[in-house]
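Counting from 1, position 157 in the sequence shown corresponds to residue 147 in the working numbering; the numbering is continuous, with no gaps.
Below: the structure, in structure tokens.
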Amino acid sequence: TDAAHLLSDLASFILSLFAIWISRRQPTKHMSFGYHRAEVLGAVTSILMIWILTGVLVYLAIERVRTNDFEIDSSAMLIVSGVGVVMNIVMAITLSDVFCCRKRAQHADDRSQHSGLSHGHSHASHGHSHVNMNVRAALIHVIGDLIQSVGVLIAALIIHLRPDYKMADPICTFIFSVLVMFTTYGIMRDAVYVLMEGFPRHMDYTAVKKDLMDIDGVHSVHSLHIWSLTMSRQTLSVHLAIGADVETEHVLKKAESLIRKKYDIQETTIQVERFEARTMTSCPTCRGPPDC
-9 TDAAHLLSDL ASFILSLFAI WISRRQPTKH MSFGYHRAEV LGAVTSILMI WILTGVLVYL
51 AIERVRTNDF EIDSSAMLIV SGVGVVMNIV MAITLSDVFC CRKRAQHADD RSQHSGLSHG
111 HSHASHGHSH VNMNVRAALI HVIGDLIQSV GVLIAALIIH LRPDYKMADP ICTFIFSVLV
171 MFTTYGIMRD AVYVLMEGFP RHMDYTAVKK DLMDIDGVHS VHSLHIWSLT MSRQTLSVHL
231 AIGADVETEH VLKKAESLIR KKYDIQETTI QVERFEARTM TSCPTCRGPP DC
């Protein structure tokens, strides 16, 4: 089982590096947002591979417990688990270096801003604590498997010294399968949330809307959308309805500054329009979405 996990670790490691490389490609006319979602897709693929393999290993372990008809080569088990410990340490160090480099790169990005009279669009860098989801998924899995390899190594020593304790092998499979599911569930949940373009979990819809409403001259805020390209890159679009005597440029700059400085969102599209009481007070879109 540890050998199979080593293969899954290697596949996850290669997939993570490939997804990082793809995600750095520049936007094109056909992929105007770039390839940032590659890291999310890579994380989902990696975790699905791990879950499928874990399911197969659990099934085989159940069969071993049920039939008790199996032999363990403790010497081979010692060698494989020892190699697993070394290999997982190397991968953990490599991925942690990539993890740290990604965080430093995010903090070093330059900020830029573009704005118009009635329609604003700005790009800013992001130093948020969320780093590449794909690297995070691989790193957490490798750390979990490092613990597993140590456990398997201990089990191999026990079986080598006491061959009649061979049930230690399927027991290790059960224990560490639970560990794998526990460590990967949160990442899969976050990945699906990003793919469904959910409102970022670290932000509050009501708070963002209130901050925009507090800008002088803003009478209504509607069509507010914030979604994530990745866990570290958010995008916002919103309509601000202002009074007839309010300067569009003033409101636009205030809104862009607020979103950039307080919420650290890289890309914003803000449409400023005149407030029409009769239409906007009865419009379902202007009232905003329900809390569910």
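For every residue, glycine included, the Cβ atom is placed at its ideal position computed from N, Cα and C.
query, result
"Are the CB atoms of L219 and R27 within a distance shorter than 8 Å?", "yes"
"Have a look at E61 and I37 and give me their C-alpha separation to the nearest angstrom.", "30 Å"
"Pull up the distance between the alpha-carbon of L129 and that of A82, whole angstroms please.", "6 Å"
"If V262 and T238 are in contact, beta carbons under 8 Å, what's the gap, nearest whole angstrom?", "5 Å"
"What is the rounded straight-line gap between the Cα of L151 and the Cα of M77?", "25 Å"
"In terms of alpha-carbon separation, which member of S6, Y49 and S213 lies closest to A273?", "Just to set this straight, residue 273 is Cys in the shown sequence, not Ala. Comparing Cα-Cα distances from C273 to each of S6, Y49 and S213, the minimum goes to S213."
"Here's the rule I'm using: 16 or more other beta-carbon atoms within 10 Å means buried, otherwise exposed. How should D159 be labelled?", "buried"
"Are at least three pairs of beta-carbons, each pair with one atom in the region 39 to 59 and one in the region 137 to 145, less than 8 Å apart?", "no"
"Where I40 and V182 are concerned, what is the direct C-alpha to C-alpha distance, given to the nearest angstrom?", "16 Å"
"Which runs of the alpha helix (DSSP H) fall wholly inside the region 200 to 257 and span at least 4 residues, in chain order?", "238 to 253"
"Tell me the rounded alpha-carbon separation between M203 and T173.", "40 Å"
"Pick helix, strand or coil for Q16, following the three-state DSSP scheme.", "coil"
"Could you check if P190 is buried or exposed, using at least 16 other CB atoms within 10 Å of its CB as the buried criterion?", "buried"
"Note down the Cα distance separating A283 from A1, rounded to an integer number of angstroms.", "Missing from the structure shown is residue 283; the chain here goes from -9 to 282 and no further."
"Go through its chain and collect everything with a Cβ distance to G141's Cβ below 8 Å, but skip five positions before and after it.", "C162, I165 and F166"
"Less than 7 Å between C-beta atoms, sequence neighbours within five positions excluded: which residues of the same chain meet that for S71?", "D(-8), S139, V142, L143 and A146"
"Could you tell me the distance, in whole angstroms, from the CA atom of I137 to the CA atom of S227?", "44 Å"
"Alpha carbon to alpha carbon, what distance is there between D180 and S22?", "23 Å"
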